[in-house]
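In the working numbering, the protein residues as written are 43 to 422.
Virtual Cβ for every residue (Gly too), placed ideally from N, Cα, C.
Report on the following structure.
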Amino acid sequence: MWHRTDTHRYPVLYVDDERNNLTVFRLVFSDEFAVRTAQSGEEALEILASEPIAVLLADQRMPGMTGITLAEKVKEAHPEVVRMIVTAFVDTRAALDAINRGEVYRFISKPWREDELRAVLRTAIDLFALGSMVGDLQLKMLRSERLASLGFATAGVSHDMKTPLGTVTLGVDRLARKLGKLEEAQGASPLTSDMHKVLADCKAAAKQLKSLIETIRVHAREQPAPTERLRPAELAESTLRLCRAEILSRAQLSFERDEAPPIVGDPVQLGQVLLNLLVNAAQSIPPGEPGRHRVRLRVGGSEGRALLQITDTGRGITPEVLPKIFDPFFTTRTDEGGTGLGLAMVREIVDRHGGTIEVQSTLDRGTTVSVFLPAAPQDA
Ligand SMILES: Nc1ncnc2c1ncn2[C@@H]1O[C@H](COP(=O)(O)OP(=O)(O)O)[C@@H](O)[C@H]1O
Ligand SMILES: [Mg+2]
């Protein structure tokens, strides 16, 4: 169900060099909206940097920074803000241009009419609210990815625990047998019966540990077998929707789709694979120069298999680090909250789907990760 948005929770920032216009705007709209005002682009940017703003409404003709320039800057620094321009001069070309480039959501001609602008502001706030809802969902998904990947990592770690635990169990058994022989030869004593007790305790503990590990393994690995027939391009599109904003904050994004065969798989798990690889690509790019960097997602086919390929122009991976990146808990991003579980999970899921992964990387140039997945059988 769709509830009317509580407009007061979403501040509107109006920017105009004429003080009178600001006063009128405040008088007219403060009843319904949380109004903030600024007299220049610079002042507006300061406000945006220090408080949450949902909607920006900027006069186009201002000394110094124009409305469109301001909108461009806001798009970079605060892409979630819905940006609109007010102008007395119907500068159609610049208007259309800015809308097409995605810098502004719409133009409003000056002098504005109260009822018209009120309706526009409400729609803009709805748009903003919708955007933050998607953002919340994305966060929730990333969080559940963490949990899911923790499961995968535990599966890997618990597998590694089985061998040493086997050695312990065998050792305890052998010691108990040797102790029995010793008692046969020399007779039992308080010391040997104490040793029997210790060994029995060890054996019980090892057994408990074994069943604990089994529980974790079953829990972590028992996922329904992938059965759904999927189109790789659709998978890519729906995943891009989730992380587009994060990528665009670091780089330009391109999406190339060639012929790709359909695959069989679990859309949620394969979505996690793509999401992790795309987020890794974005995170490999230093912030601050999105114009100079690129993340490319390519969907295609290769020798009868589907190919999902992610290329970034980020910092790359050194040859020493490369063999470790799929290990659970391996991360070079400890400071930025890296868990080192993303690629461990990626590998686990791709394995389960019968696929393979290749990574090519050049230090300071960038990285390409290619995921190959088997094509769906013809009759599936
Ligand atoms: N696209 C990439 N560019 C550079 N390094 C990468 C890239 N993807 C992964 N890595 C390296 O692999 C490590 C492990 O990645 P991952 O398992 O996703 O964990 P996390 O992202 O939490 O560090 C990262 O810390 C990073 O060093
Ligand atoms: Mg990662």
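Reference residue i; option with closest CA among the options
| i | options | result |
| --- | --- | --- |
| E270 | V116, A417, S174 | A417 |
| R155 | F67, M237, A91, L207 | F67 |
| L295 | L87, D354, T205, E74 | D354 |
| C244 | L212, E226, A86, D48 | L212 |
| E482 | G109, T108, A76 | Only positions 43 to 422 of the chain appear in this structure, which leaves residue 482 out of reach. |
| Q351 | L415, A140, M203 | L415 |
| E114 | D139, P105, F368 | D139 |
| L272 | R286, P309, A246, D236 | P309 |
| L277 | L320, L233, S235 | L320 |
| E362 | S403, T381, N62 | S403 |
| V146 | M175, G109, I167, L64 | G109 |
| D377 | L98, R336, Q325, G358 | Q325 |
| E282 | R338, R334, S253, K152 | Sequence check: residue 282 is Leu here, not Glu. Among R338, R334, S253, K152, the Cα nearest to that of L282 belongs to R338. |
| E298 | G380, A275, I289 | A275 |
| R61 | D101, T205, A227 | D101 |
Proximal residues to residue i (C-beta, below 6 angstroms), its chain only, five neighbours per side dropped
| i | result |
| --- | --- |
| S231 | none |
| P303 | G343, A348, A417 |
| M203 | I255 |
| L64 | D58, T79 |
| T410 | T353, Q402 |
| T356 | Per the sequence presented here, residue 356 reads as Gly, with Thr not at that position. Correct list, in chain order: S326, I327, G408. |
Distance, residue j Cα to residue i Cα
| i | j | result |
| --- | --- | --- |
| S280 | V210 | 48 angstroms |
| L405 | V70 | 57 angstroms |
| V388 | T165 | 40 angstroms |
| T129 | F170 | 22 angstroms |
| H238 | K249 | 16 angstroms |
| K117 | P419 | 45 angstroms |
| G396 | I255 | 25 angstroms |
| S291 | G144 | 14 angstroms |
| V41 | K223 | Residue 41 is absent from the model: the chain starts at 43 and stops at 422. |
| R13 | A386 | This structure gives no information on residue 13, because the portion of the chain shown stretches from 43 to 422. |
| L207 | L251 | 8 angstroms |
| Y423 | T79 | With the chain covering 43 to 422 only, the question about residue 423 has no answer from this structure. |
| R103 | E158 | 21 angstroms |
| G177 | T360 | 33 angstroms |
| R407 | E301 | 28 angstroms |
| Q311 | A246 | 38 angstroms |
| H332 | I141 | Residue identity differs from the one stated: residue 332 is Pro in this sequence, not His. Taking the straight line from one Cα to the other gives about 20 angstroms. |
| R375 | P105 | 44 angstroms |
| I127 | G382 | 44 angstroms |
| R336 | R148 | 28 angstroms |
| G346 | L364 | 28 angstroms |
| R125 | R51 | 17 angstroms |
| T111 | I305 | 45 angstroms |
| L163 | K152 | 15 angstroms |
| T234 | E226 | 11 angstroms |
| A422 | L99 | Only weak support is given to the placement of A422: the predicted model assigns it a pLDDT of 48, under 50, and the question is left unresolved by the model. |
| G379 | P370 | 15 angstroms |
| I167 | A91 | 19 angstroms |
| I150 | I289 | 30 angstroms |
| H45 | T205 | Residue placement at H45 is poorly supported in this model, since its pLDDT is 49, which falls under 50; the coordinates still yield a value, given next. Computed Cα separation, rounded: 57 angstroms. |
| S253 | Q228 | 37 angstroms |
Residues near residue i in its chain [Cβ-Cβ closer than 8 angstroms; skip 5 each side]
| i | result |
| --- | --- |
| R160 | F71, E74 |
| I95 | P53, V54, L55, R78, I89, H120, V123 |
| D48 | none |
| T398 | V392, V413, F414 |
| L241 | V214, L217, A218, L221 |
| P329 | S291, R292 |
| G358 | S326, S403, T404, L405, D406, R407, G408, T409 |
Cut-off 7 angstroms between Cβ atoms - residues of its own chain near residue i, not counting five sequence neighbours on either side
| i | result |
| --- | --- |
| M107 | S82, G83, E84 |
| F368 | L385, A386, R389 |
| K366 | F372 |
| A287 | P121 |
| G173 | E122 |
| N322 | G384 |
| G313 | L277, S280, T281 |
| A136 | I110 |
| E400 | S412 |
| L87 | K115 |
| R334 | none |
Using only Cβ atoms and a threshold of 5 angstroms, which residues come within that distance of a heavy atom of ligand 2? Order them by chain position. Counting only heavy atoms of ligand 2, the residues whose C-beta sits closer than 5 angstroms to one of them are, along the chain, N322, G384.
Quick check for students: name the residue ranges of the beta strand (DSSP E) that lie wholly in the segment 312–354, counting only runs of 3 or more. 336–344, 347–354
Within the segment 80–130, note down every full alpha helix (DSSP H) run reaching 4 residues or more, in order along the chain. 83–92, 109–119
Along the chain, which unbroken stretches of the alpha helix (DSSP H) at least 4 residues long are found entirely within the segment 235–305? 274–290
Quick one: complete beta strand (DSSP E) runs, 3+ long, within the segment 141–169? 148–151
Secondary structure, beta strand (DSSP E): runs of 3+ residues fully inside the segment 389–420: 398–404, 408–416
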